[in-house]
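Chemist: Residues 454 to 594 in the working numbering are what the sequence shown spells out, letter by letter. From the three backbone atoms N, C-alpha and C, an ideal C-beta is built for every residue, glycine too. Handing you a structure now.
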Amino acid sequence: MKNKAITITMVIVATCVLLGAVGWVVVKQMSPKAEAKEQSIEEVLSYSVDVPELTTNLSSNDFIRISFKIQTDGKKAKEELQQRDFMVNNIIIEELSELNATDLKGKKGKELIETTIRKRVDSLMQEGSVEKVYITSMMIQ
């Protein structure tokens with residue numbers, strides 16, 4: 454009788470420990486990652502590079518004047534991006550020359566160019582990465 458009570462107690466304790474472990478894993482998987490910490494505005498500005506206004510032709514024979522702010526993930530990435538400014542300008546001109554004025558209309562058009570430039574510039578980076586590309590001014594004629 455005593456051995457049976459000990460066995461039952463041990464099974465109950467083992468079950469509780471197992472359920473607790475499973476619950477902990479589930480909660481950890483569902484909770485947002487603490488590592489994905491938002492940067493403060495000071496960090497965003499200190500890790501960002503301004504791309505001065507560029508003027509280039511679109512494929513539709515219109516032209517565009519546009520400038521950007523490119524946010525990187527750290528100081529080394531910012532320094533590298535500043536050194537690659539001519540490459541960034543080239544990417545922007547290449548991408549814009551493939552688009553027409555209609556492609557750039559509205560929110561979706563702006564998101565398209567921001568995403569495309571972010572991906573292309575990020576593929577150049579060896580120290581860090583590009584977090585976001587912001588259009589700071591834009592005019593199509």
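DSSP state of residue 482, grouped into three classes?
Modeler: Within the sequence shown, the letter at position 29 stands for residue 482. Note: residue 482 maps to helix in three-state DSSP.
Chemist: Decide yes or no for the touch test of the segment 559-578 against the segment 533-542: beta carbon pairs closer than 8 Å, at least 3 of them.
Modeler: yes
Chemist: Thinking C-beta only, is residue 519 closer than 8 Å to residue 582?
Modeler: Here residue 582 is taken as the residue at index 129 of the sequence shown, counted from 1. Here residue 519 is taken as the residue at index 66 of the sequence shown, counted from 1. No.
Chemist: Give the secondary structure of residue 549 by DSSP, where H, G and I count as helix, E and B as strand, and everything else as coil.
Modeler: Looking up residue 549 in the sequence shown gives position 96. Here residue 549 sits in helix by DSSP.
Chemist: Looking at C-beta atoms only, is the number of pairs between the segment 550-561 and the segment 510-525 that lie closer than 8 Å three or more?
Modeler: yes
Chemist: Is residue 518 helix, strand or coil by DSSP?
Modeler: Your numbering for residue 518 matches position 65 in the sequence shown. Residue state, collapsed to three classes: strand.
Chemist: Rounded to a whole number of angstroms, what is the C-alpha to C-alpha distance between residue 495 and residue 525?
Modeler: Counted from its first residue, the sequence shown places residue 495 at position 42. Counted from its first residue, the sequence shown places residue 525 at position 72. If I take the Cα positions, the gap works out to 13 Å.
Chemist: Straight-line CA distance for residue 493 to residue 551?
Modeler: Taking the first residue of the sequence shown as position 1, residue 493 is located at position 40. Taking the first residue of the sequence shown as position 1, residue 551 is located at position 98. For residue 493 and residue 551, the distance between alpha carbons rounds to 35 Å.
Chemist: Using a Cβ-Cβ cutoff of less than 7 Å, which residues in the same chain neighbour residue 537 once the five nearest sequence positions on both sides are dropped?
Modeler: Your numbering for residue 537 matches position 84 in the sequence shown. Result list for residue 537: 577, in chain order.
Chemist: Residue 498: buried (16+ other C-beta within 10 angstroms of its C-beta) or exposed?
Modeler: Translated into positions along the sequence shown, residue 498 becomes position 45. Burial check for residue 498: the Cβ neighbour count within 10 Å stays below 16, so the residue is exposed.
Chemist: List the whole-angstrom C-beta distance separating residue 511 from residue 553, where the pair is believed to meet the contact cut-off of C-beta under 8 Å.
Modeler: Mapped onto the sequence shown, residue 511 falls at position 58. Mapped onto the sequence shown, residue 553 falls at position 100. Indeed they touch by this definition, with Cβ atoms about 5 Å apart.
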